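Once you know that position 140 of the sequence shown is 140 in the UniProt record's numbering, the rest is easy, because the numbers rise by one and skip nothing. Here the structure is laid out as structure tokens; the discussion comes afterwards.
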Amino acid sequence: MKTNIFRTILISCFTLTIVFSFKMNLYAKKPKNLPDVSAQHIHLRGSYQNSKQKFEAKKTGHVAFLGGSITEMNGYRPMVCQFLEKTFPETKFQFTNAGISSTCSNTGAFRTKRDVLSEGPVDLFFVEFAVNDDQDAGHTATAAVRGMEGVIAQIRRHNPYTDIVMVHFVNPSMLKTIQQKKKPLSSSSHERVAEHYRIATIDLASEVARLIDDNQLTWKQFGGTHPAPFGNAICATMIEKLLTQAWQEKGQRAKHTSPKAPLDQFSFLNGRLIDIKNAKPQSGWTIEVPKWDSIPGSKRSRFTSIPMLTATKPGAEIELSFEGTALGVYVVAGPDAGILEVSIDDRPFQPFDLYHHYSKGLHYPRSVVFDSQLKPGKHRAKIRLSEKSSSKGHAARIMSFVGN
């Protein structure tokens, strides 16, 4: 009997050790000998007492991260999670990783409800899209504002107590721009949104440029566009400095005030995904999981089991009735991606190429917006596959329509 009890204890201890070790392995280890991070590019705006007091009083907290591959990867995000658990050891955290590689702020605004808000009210929210708005989407300043403002407005509307931190990562072209004493289009556009909503920002891009110019860091040490643990640790350290300072200030839990008007009336404040089943195929379209094994090009596993509205032959048509001020598609666009021709409310058809410069060898996730300045109300769109193509085929594989 004693032997069985002893064996049970040993097994339980071993199991706990494995679970604990596994949990720790989820966190990227923070390297030593990091350069001295200044406060110069840490911009604290507003109060962050809501998250602190919720974590301390209720012993629970929902922390969400929205972004592209830099968020999805085990980089700065798990380091921040570890910092939060160390700072509030008695708090049970729910961490939501809503990072999807290659996606931009526009896609972020369209999927905020599905990927973040569906998990419940958020207490502390981190968002990063500067790199993807720059190199992936190539957004204009207007598009970058409309996407990021859409994300922020939806988060705050869902829970006005949410504390938000915006992070600007960096790629070589953005770094070069900063070193020329100029501001990258994407991060400076996002910064306008942050200022408008009184949100703190971590301008990692500018801090990396400063450290490199001061010979305290090299781009190789940082790790490139997708930073090494060393580079991610610099970001995490900046976030820790921001929150530590913010949480030392005194104040009461209170709703964050919202601006009287948005920066852009056409921002994706009501961004959403529209079910492909709402479309009415006229000819040549099916809803199915594509037969990926027979389709050339690399695929990401998160998309390979999703039923998609699919057509591969020119002339295939669909119609969609929708309501709002914007319409587009959320697609995977590979080596055979085609061109969609779109007519909204019987206006002349306009072409929209699904093929992307990363589509050559990859079925690349992207949002293509047809129109973002429609009059509020009901609309009807006709969509067809063009005879023309920039690729080896004419395929359209639509995961969802997007609207506002």
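Quick reminder that beta carbons are idealized off the backbone N, C-alpha and C, glycines included. This structure is a prediction, so every number in the text was calculated from the model and none was measured.
Kindly list the residues whose CB is nearer than 7 Å to the CB of N25, restricted to its own chain and excluding five residues on each side of it in sequence; keep chain order. Below a pLDDT of 50, predicted positions are generally treated as unreliable, and N25, at 41, falls in that range; the measurement from the model is reported next regardless. Hits under 7 Å: none found.
Proximity winner among D264, G315, T257, relative to G150 (alpha-carbon distances): D264
Got a sec: is the Cβ-Cβ distance from V331 to anything in chain D below 8 Å? Given the protein chain composition of this structure (a single chain), no chain D is represented.
So, do the stretch 169 to 179 and the stretch 201 to 221 have three or more beta carbon pairs nearer to each other than 8 Å? yes
What three-state label does DSSP hand Q94 in the structure shown? strand
So M166 packs on T112, CB below 8 Å; how close in whole Å? No, M166 and T112 are not in contact; Cβ-Cβ is about 14 Å, not under 8 Å.
Backbone secondary structure at H62 - three-state DSSP: strand
Ends of the beta strand (DSSP E) at P365? 364 to 371
K52: buried (16+ other C-beta within 10 angstroms of its C-beta) or exposed? buried
Using alpha carbons as the reference points, say which of Q154, D136, L327, H226 lies closest to I164. Q154
Helix or strand or just coil, what does DSSP make of Y161? coil
Please state if the CB of G61 and the CB of K54 are separated by a distance shorter than 8 Å. yes
On the three-pair Cβ rule with 8 Å, is the stretch 338 to 356 touching the stretch 383 to 391? yes
Rank G338, L243, Q216 by C-alpha distance to the C-alpha of G231 and give the top, closest one. Q216
Quick one: what does DSSP say V145 is sitting in, helix, strand or coil? helix
How many Å lie between S258 and S173 at the Cα? 34 Å
Go through its chain and collect everything with a Cβ distance to K378's Cβ below 6 Å, but skip five positions before and after it. E323
Quick check on P184: does DSSP put it in helix, strand or coil? coil
A130 to A109 span [Cα, whole Å]: 14 Å
Measure the alpha-carbon distance for K92 versus V80 and round it to whole angstroms. 15 Å
Closest by CA to H158, which one among E56, G120, E85? G120
Q252, DSSP secondary structure in three states: coil
Counting only runs of 3+ residues fully inside the stretch 239 to 316, write out the beta strand (DSSP E) ranges in chain order. 272 to 274, 280 to 283, 286 to 288, 308 to 311
Residue of R366, F352, P351 minimising C-alpha distance to Y358: R366
Checking 8 Å against the spacing of the C-beta atoms, do M308 and P335 come in under that value? no
Taking all protein chains shown into account, do 16 or more other C-beta atoms lie within 10 angstroms of the C-beta of G75, making it buried, or fewer, making it exposed? buried
Quick test of your reading: F401 and A326, contact by CB under 8 Å. State the CB separation rounded to the nearest angstrom. About 10 Å separates the two Cβ atoms, so there is no contact after all.
Name the one or two DSSP bridge partners that K360 has. According to DSSP, which records beta bridges pairwise, K360 is partnered with nothing at all.
On a CA-only basis, which of I212, I152, V122 is nearest V37? Give me that one, please. I212
Apply the 10 Å Cβ neighbour rule to S391 and answer buried if 16 or more other Cβ atoms are within range, or exposed otherwise. buried
Contact under 8 Å by Cβ, N50 with D123: yes
Spatially closest choice to N171 from K360, T225, H356, by CA coordinates: T225
Does DSSP classify S21 as helix, strand or coil? Since pLDDT at S21 reaches only 32, below the 50 mark, its modelled position is unreliable, and the value read off the structure follows with that caveat. DSSP places S21 in helix when its eight states are reduced to three.
Please report how far the alpha carbon of P351 lies from the alpha carbon of T218, in whole angstroms. 43 Å
If you measure between the beta carbons of Y330 and L242, is that distance less than 8 Å? no
Candidates I239, G338, H363, of which the one nearest residue 414 by Cα: In the structure as shown, the chain starts at 1 and stops at 404, and residue 414 therefore has no counterpart that could be examined.
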